[in-house]
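S.K.: If you scroll down you'll find the structure; I have some questions about it.
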Amino acid sequence: MASAQLRVPSNQHSRSTSVSSVDSNVLNRFGYPTYRKLPVYISLGQQTPSPDLFATTCMSYQNMPLLDPPMINLEGTFDMPIDLESMSRNCSASPPPRLAHVPTTSLLTYLTQPTQPINLVRHLTFQQGRGLSNHFWWDVRNVRPWSSFSLSTMSAIPDLLTLLNFQHETPSLPCVPGNSTTATPGSEVDLANLVSKIYFPKINAATRLSLGSNAISLYMAPTPTGSGLSSNSSNIPTFLANYTSDNDRTLSGLPRGRVVGIVRSFDRWNTGMRREGPARKVEYLRTLAHLQKCMRDHSCRYGFIITEIELVCIRAGCDERGNPYFGFVEVSEAVETKTFARNDDMTIARTGGSVQMTVTLALYYLLMLAKSTPLPGQPSSFMDVGGSGAMTRSRVWPGRTSVIDLSLDEDGDVEELGKDGKDKWIPEPQMGEKREARTVRGWVWPSDPWHKREGERGERAAGARGDFQSIAQQFVDFYYKTFDADRTQLAALYRPNSMLTFEKEPFMGTENVLEKLTGLPFQKVQHRVDTVDAQPSNESGGILVLVTGALMVDDQQQPMSYVQTFNLLQDSGSYYVQNDVFRLVYAAG
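Take 396 as the starting number for the sequence shown in this note's numbering and just add one per residue.
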């Protein structure tokens, strides 16, 4: 079959060479806007010949006018926004879905919620001996009320009240369960752990929402990395507050804090001790002197003391230029740990309001005072103490110089000044205490000249001369007195890493040690101590103690000789037993 051929008629039509009337101007005028970016047409005379790929019979060309394109008004398309969501949503008669309700709360409500109550510490902390503290109770010379630490002052600070009442999503705040059961700490170390667990998460969350991610935060002070007397646990704070970006460190190796805090059991320190006898006043001043030493070491103006019952915030006294006075402290009104706000009483008026100050709210305000940019009308947290050679300790409060400087005590009475501008109610130190101060640090009174023991090298030498024998004797007396009265009370002297070897049998940890001591086969025991020998065991203040003596159990009339060795280590201002080895001594042969 012959292949089909496409024949072209002989009378082929030739296209006129006249110029087309459809030029670029016509297309630009009447063409659809979407296609205006296509290449424009040019006249036939300017075209280049193209190959005849598909030769067909074409109709004759007639020059006819083009129809006008329909007029489409696109002006509204660009002037008015398009709701794509409404255009793509299926038509329905039901209302649009609602977002789930997220509960909110204010920082004021969050910081005034009830917290877990804490019982009194079961075991009093063992007191340290002489020669280990470079601060003394008479270093505190003037005690004044910090009356401006109040809700009325907080409400007067611009925008602080607005910040406290701002609503935050409740899930963004850490939920510290308000356990109704009362926690019972076994020692001051346990009390410090409870304080950091109950209060600090709320306080740090509030400051983070107020100041941003790089906010000042409160935490337990780490173990000092330095050596010497400044690194002793009796000279360092229990808590620190600073920014994560702060890199400065003190002589003890601790991070430099903008706020320092100390924990004490209520029996060792409380605000009522100031109005008791001289001995209790001395203990009251001793803790204040410890906090003042920490504030001067960290060059910070703010601190606090917390017990199981109350919180007291402290501000170091300075002049109008910010220069510190040695021995001058301002003490806020005590805030009870049981205080919280009720649900129907959650507003602070501009005049102070009716909401009571709580521990978390007070510490939040203290951290806001200590932030890098001071609150309006409040002094900065930095206190320029300088080095020991600067002798800023010799700068004491000069006393009343005008009517404005009248000093009132907590009861509103005018304070009477005693010797050298000190408050009259402060007792005088004894000769033995002054001799100890001169031995440890080289000076007794702030007006004394500079001594070489005030420097870093002098502190290391003084720490090596600590009265370890006196500490060992006090520990031995306390240990055997407690053992004979109630062996269960010895748990406070051991830690989870402590070890007891009793007649070749080892026991590790507090529970195992206590189980062994309470399970001994006798009801009554009476120890007699014959000799006590002690030596320093390390540069951190550890003490090795060797005890010999005799004991009698139950109704036994024949005493049994024994020898016992203790390795004592320091922890947060007290000693605990790291190693304990006990042996009965039998007659030879």
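Beta carbons are placed, not taken as given, at the ideal position from N, Cα and C, and that holds for glycine.
Just so we're clear, the structure is a prediction, and the values are computed from it rather than from any experiment.
For Val871 and Val958, which I take to be in contact (beta-carbon distance under 8 Å), what is that distance rounded to the nearest angstrom?
M.R.: Not confirmed; about 13 Å, so no contact.
S.K.: Alpha carbon to alpha carbon, how far is Val726 from Leu964?
M.R.: 33 Å
S.K.: Rounded to whole angstroms, how far is the Cβ of Pro863 from the Cβ of Ala929, which I believe are closer than 8 Å?
M.R.: A small fix is needed here, since residue 863 is Phe in this sequence, not Pro. Yes, they are in contact, since the Cβ atoms of Phe863 and Ala929 sit about 5 Å apart, within 8 Å.
S.K.: Between the Cα of Gly648 and the Cα atoms of Glu910, Arg670 and Pro617, which residue gives the shortest distance?
M.R.: Pro617
S.K.: Residues bridged to Ala674 by DSSP?
M.R.: In the DSSP output, where bridge partners are listed per residue, Ala674 has none listed.
S.K.: Following the continuous beta strand (DSSP E) through Glu725, name the residue where it begins and the one where it ends.
M.R.: Pro719 to Val726
S.K.: Assign Glu906 to buried or exposed, taking buried as 16 or more other Cβ atoms, counted over all protein chains shown, within 10 Å of its Cβ.
M.R.: exposed
S.K.: Can you grab the Cα-Cα spacing for the pair Ser628 / His496, in whole Å?
M.R.: Rounded to whole angstroms, the separation of the alpha carbons of His496 and Ser628 is 50 Å.
S.K.: Can you check the segment 590–650 for any beta strand (DSSP E) of at least 3 residues that lies completely inside it and give the ranges in chain order?
M.R.: 612–615 and 634–637
S.K.: May I ask which residues mark the beginning and end of the alpha helix (DSSP H) holding Tyr889?
M.R.: Careful: Tyr889 lies outside any alpha helix (DSSP H), inside the beta strand (DSSP E) at Tyr889 to Phe897.
S.K.: Relative to the C-alpha of Thr499, which residue among His563, Pro580, His922 and Gly904 is closest?
M.R.: His563
S.K.: Let me make sure I understand the geometry here. Which of Ser969, Asp779, Phe544 and Thr787 has the alpha-carbon closest to that of Ile631?
M.R.: Closest by alpha carbon: Ser969.
S.K.: Quick one: what's got a C-beta closer than 7 Å to Glu828's C-beta in the same chain, skipping five residues either side?
M.R.: Same-chain partners within the cutoff: Phe531.
S.K.: For Asp925 versus Val538, is the C-beta distance shorter than 8 Å?
M.R.: No; because the gap between Cβ atoms is not below 8 Å, this pair is not in contact.
S.K.: Give the C-beta separation of Thr666 and Val707 to the nearest angstrom, bearing in mind that I take them to be a contact with Cβ-Cβ under 8 Å.
M.R.: 6 Å
S.K.: Looking at the secondary structure, which residues open and close the alpha helix (DSSP H) in which Ala867 lies?
M.R.: From DSSP, the alpha helix (DSSP H) with Ala867 extends over Phe863 to Ala880.
S.K.: Going by DSSP, name the residue or residues bridged to Glu564.
M.R.: Thr499
S.K.: What did DSSP end up calling Thr510 once you bin it into helix, strand or coil?
M.R.: Three-state result, Thr510: coil.
S.K.: How far does the beta strand (DSSP E) with Asn537 in it extend, from its first residue to its last?
M.R.: Element bounds for Asn537: Asn537 to Pro540.
S.K.: Can you have a look at Leu888 and say buried or exposed, based on whether 16 or more other CB atoms are within 10 angstroms of its CB?
M.R.: By the Cβ neighbour-count rule, Leu888 is buried, with 16 or more other Cβ atoms within 10 Å of its own.
S.K.: If we ignore side chains and look at the alpha-carbon of each, how far apart do Phe917 and Gln951 end up?
M.R.: 10 Å
S.K.: Whole angstroms is fine: what's the gap from Gly914's alpha carbon to Asn514's?
M.R.: 28 Å
S.K.: Which value, in whole angstroms, describes the spacing of the CA atoms of Leu519 and Thr557?
M.R.: 44 Å
S.K.: Quick check on Ser582: does DSSP put it in helix, strand or coil?
M.R.: Coil, per DSSP.
S.K.: Using DSSP with H/G/I as helix, E/B as strand and the rest coil, what is Gly656?
M.R.: strand
S.K.: Does Pro446 pass the burial test, meaning 16 or more other C-beta atoms within 10 Å, or should it be called exposed?
M.R.: Only weak support is given to the placement of Pro446: the predicted model assigns it a pLDDT of 49, under 50, and the question is left unresolved by the model.
S.K.: Pull up the distance between the alpha-carbon of Leu683 and that of Met947, whole angstroms please.
M.R.: 44 Å
S.K.: Three Cβ pairs or more, each shorter than 8 Å: is that satisfied between the segment 769–778 and the segment 684–700?
M.R.: Taking 8 Å as the limit for Cβ pairs, the verdict is that the segment 684–700 does touch the segment 769–778.
S.K.: Alpha carbon to alpha carbon, how far is Gly936 from Cys570?
M.R.: Rounded to the nearest angstrom, the two C-alpha atoms are 40 Å apart.
S.K.: Please report the distance separating the alpha-carbon of Phe961 from that of Arg517.
M.R.: Those two C-alpha atoms are separated by around 23 Å.
S.K.: Under 8 Å between the Cβ atoms of Glu849 and Arg830?
M.R.: Contact flag unset, no.
S.K.: Specify, as a first and last residue, the run of the alpha helix (DSSP H) that Ser550 falls within.
M.R.: Start and end: Leu546 to Ala551.
S.K.: Just mark Pro719 as buried or exposed, buried being the case when its beta carbon has 16 or more other beta carbons within 10 Å.
M.R.: Buried, by the Cβ-count rule.
S.K.: From Ser612 to Ala765, what distance separates their C-alpha atoms?
M.R.: 11 Å
S.K.: Residues in its own chain within less than 8 Å of Pro769 by CB, not counting five upstream and five downstream?
M.R.: Ser775 and Ser776
S.K.: Relative to the C-alpha of Ala587, which candidate in His922, Met786 and Glu703 has its C-alpha closest?
M.R.: Glu703
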